[in-house]
Amino acid sequence: MLKYLLTLYSHVPLRTAQRIGSLLGSLAWYLRTNERRITEINLAHCFPEMDPAERKQLAKRSLQEDGKFLAELPLVWLQPPSRFTSKLYFGDEMEEIRQLQQEGRGLIFIVPHQGNWEVGLSEVVKNIEMTVFYRPPRQRWLEEVMTIGRQATGSKTAPTDASGIKQLLGALKNGEGVAILPDQTPKKSSASAAVFSPFFGQPAYTMTLAAKFAAKTGAAVRSVYMERLPKGEGFRIHLHKVDEDIYDRDLAKSVRAINAAVEQSVNVCPEQYQWGYKRFTIQPKGTRSSYKVLKLRE
Numbered sequence: 072m073l074k075y076l077l078t079l080y081s082h083v084p085l086r087t088a089q090r091i092g093s094l095l096g097s098l099a100w101y102l103r104t105n106e107r108r109i110t111e112i113n114l115a116h117c118f119p120e121m122d123p124a125e126r127k128q129l130a131k132r133s134l135q136e137d138g139k140f141l142a143e144l145p146l147v148w149l150q151p152p153s154r155f156t157s158k159l160y161f162g163d164e165m166e167e168i169r170q171l172q173q174e175g176r177g178l179i180f181i182v183p184h185q186g187n188w189e190v191g192l193s194e195v196v197k198n199i200e201m202t203v204f205y206r207p208p209r210q211r212w213l214e215e216v217m218t219i220g221r222q223a224t225g226s227k228t229a230p231t232d233a234s235g236i237k238q239l240l241g242a243l244k245n246g247e248g249v250a251i252l253p254d255q256t257p258k259k260s261s262a263s264a265a266v267f268s269p270f271f272g273q274p275a276y277t278m279t280l281a282a283k284f285a286a287k288t289g290a291a292v293r294s295v296y297m298e299r300l301p302k303g304e305g306f307r308i309h310l311h312k313v314d315e316d317i318y319d320r321d322l323a324k325s326v327r328a329i330n331a332a333v334e335q336s337v338n339v340c341p342e343q344y345q346w347g348y349k350r351f352t353i354q355p356k357g358t359r360s361s362y363k364v365l366k367l368r369e
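If you want the working numbering, it's the position in the sequence shown, counting the first as 1, plus 71.
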């Protein structure tokens, strides 16, 4: 039933969906939800020098942008990818991707939780074979809808386990592309799966997978994210070369290059980053999680 309703909803215009999402985000703000609390904590950590009133407004806008993202997802997953063709704007990014593919090199795409990354991936897939490394959502119905949407674009998915890592490595060796969301906090299971690396000056437990793949395969590495344009105009795709330190076998250097790439994307449109995610849950030994100890003044 829910899938049927989402399919009906997916026919609404993009601008209408974004208005609905903005209202949902505003509601989350005024109801003082946990997402608001986490957003404010993260922003206080990452932008301590910002005027508190300005930072509060940024937090509110961030929740509204998060709402837009959620409201856009049924349109992205349940409608043909061609629906967004006229609403995507980019410069030479796609040509660069095609040239890199012609060289026979694999491509690693660093995809931060910025703007609407699902739209960005659907556009990139048109130009290269793509495998997306992802953690399935807890809700089974949501995973089903997500799978339908991604398969419609032609992308493949790889689970966040040993089999998925093997699948990604095989894709890179075949000269294909892989997409990794680098700002998801991995489980603290293996000492080599993640390291602490500065993110806006804060220690962030960051996965090492993309850095290890870059060093092992020599694949080209690009960060890619979508900037949401105002008034339902569409999305602007950004593609940036990641610093050469990404190929360094010193994980402190290579992982720092990844976080620097994410910081670069955030600084373009900070309100469109997913600040409601507990990025700093895992902390160095002896440091408590900020989400448990930090209380913000009204």
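For each residue, glycine too, the CB sits at the ideal point set by N, CA and C.
Report the rounded CA-to-CA distance for residue i versus residue j, giving the unit in angstroms.
i: I236; j: Q345; result: 25 Å
i: L85; j: G305; result: 8 Å
i: P341; j: I168; result: 26 Å
i: A285; j: D314; result: 12 Å
i: A331; j: E298; result: 18 Å
i: S373; j: M217; result: With the chain covering only 72 through 369, there is no way to say anything about residue 373.
i: Q354; j: K363; result: 12 Å
i: Q150; j: V195; result: 17 Å
i: L243; j: P230; result: 16 Å
i: Q128; j: F270; result: 22 Å
Can you tell me whether residue i is helix, strand or coil according to DSSP?
i: I181; result: strand
i: P152; result: helix
i: S325; result: helix
i: Q354; result: coil
Pick from the options: whose alpha carbon is nearest that of residue i?
i: K349; options: K312, K258, A282; result: K258
i: Y205; options: K197, N198, S226; result: S226
i: R176; options: Y362, N338, K287, V333; result: K287
i: K283; options: K158, S325, L146; result: S325
i: M278; options: P145, V295, T256; result: T256
Could you pull out every residue in the same chain whose Cβ sits closer than 7 Å to the Cβ of residue i, ignoring the five residues on either side in sequence?
i: E369; result: Confidence at E369 is low in this model, with a pLDDT of 45, below 50, so the placement of that residue should be treated as unreliable; the coordinate-derived value is given next. Cβ neighbours of E369 beyond the five flanking positions: none.
i: Q135; result: S93, G96, S97
Give every residue of the same chain whose Cβ lies closer than 6 Å to the Cβ of residue i, excluding the five residues on either side of it in the sequence, and list them in chain order.
i: L367; result: Here the model assigns L367 a pLDDT of 49, short of 50, so the residue's position is not dependable, and the following value carries that caveat. For L367, where only same-chain residues beyond five positions count, the Cβ hits under 6 Å are E111.
Among residues of its own chain, excluding the 5 on either side of residue i, which ones have a beta-carbon nearer than 8 Å to its beta-carbon?
i: A410; result: With the chain covering only 72 through 369, there is no way to say anything about residue 410.
i: T202; result: S226, K227, T228, A229, Q238, L239, A242, E247, G248, V249, A250
i: T87; result: G303
Task: beta strand (DSSP E) runs wholly inside the stretch 185-256, at least 3 long, in chain order - done: 201-205, 227-230, 248-251
Open item on the list: For a minimum of 3 consecutive residues, which ranges assigned as the beta strand (DSSP E) are wholly contained in the stretch 277-316?
Closed with: 291-299, 306-312
Open item on the list: Give the list of continuous alpha helix (DSSP H) stretches no shorter than 4 residues that lie fully inside the stretch 83-124.
Closed with: 85-101, 105-117
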